[in-house]
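In the numbering used here, the protein residues as written are 64 to 219.
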């Protein structure tokens with residue numbers, strides 16, 4: 064299905080912050096004229112913002128995601144896929160990024176010689192470049208620092 068597709072590294076188009084290393088160019092299921100990027104794991108440098116809302120094209124519930132560095136909305140997370148989309152041919156990716164909100168770079172294989180295809184991409188937990196543990200640690204450290212800053216401003 065998508066095994067021949069190129070794996071992409073995505074960065075925030077506004078601040079150049081790394082967003083994910085497991086991106087894929089995709090099309091919106093409900094409107095194939097709309098191109099976007101998707102990923103199969105929660106990205107390490109975005110945060111869910113706002114409340115869930117329904118899409119215009121189907122019954123999926125989605126929530127916007129914003130860059131943790133600059134705060135700009137980069138895309139959305141499908142929090143509850145609808146039956147129509149679940150039954151359609153899909154790649155199982157629930158994190159979507161608008162093409163104008165991120166920049167893309169082809170990811171190379173571990174030897175750095177060939178463009179990496181999804182067919183050769185390790186599962187998320189085995190993907191050393193993704194390194195979920197380090198990503199989570201960075202995210203919590205950044206959020207803790209933001210919270211400390213907010214508390215110190217409040218109690219001045």
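Beta carbons: idealized from backbone N, C-alpha and C, even for Gly.
For clarity, every value in this text was computed on a predicted model and none was experimentally measured.
| Asked | Found |
| --- | --- |
| Cβ-Cβ distance between residue 165 and residue 136 below 8 Å | no |
| Buried or exposed by the 16-neighbour rule on C-beta atoms within 10 Å, applied to residue 266 | For the chain, the structure presents residues 64 to 219; residue 266 sits outside this window and is missing. |
| Stretch-stretch touch, CB-based, cutoff 8 Å, three pairs: the region 122 to 132 with the region 97 to 113 | yes |
| Sequence-distant residues of its chain with Cβ nearer than 6 Å to residue 159 (five each side left out) | 99, 101, 138, 139 |
| Distance, residue 144 Cα to residue 107 Cα | 22 Å |
| Neighbourhood of residue 163 by C-beta, 8 Å cutoff - its chain only, sequence neighbours within 5 removed | 76 |
| Residue 96 to residue 89 span [Cα, whole Å] | 10 Å |
| Reduced DSSP secondary structure (H/G/I, E/B, other) of residue 148 | helix |
| Reduced DSSP secondary structure (H/G/I, E/B, other) of residue 163 | coil |
| Buried versus exposed call for residue 103 [16 or more other C-beta atoms within 10 Å across all chains shown] | buried |
| Helix, strand or coil at residue 76 [DSSP, three-state] | coil |
| C-alpha gap between residue 195 and residue 133, whole angstroms | Because residue 195 carries a pLDDT of 45, less than 50, the predicted location of this residue cannot be relied on, and the following value inherits that uncertainty. Each residue's alpha carbon lies about 21 Å from the other. |
| Residue 138 - DSSP class collapsed to helix/strand/coil | strand |
| Close beta carbons around residue 83, own chain, < 6 Å, minus the five adjacent residues each side | 73, 102, 106 |
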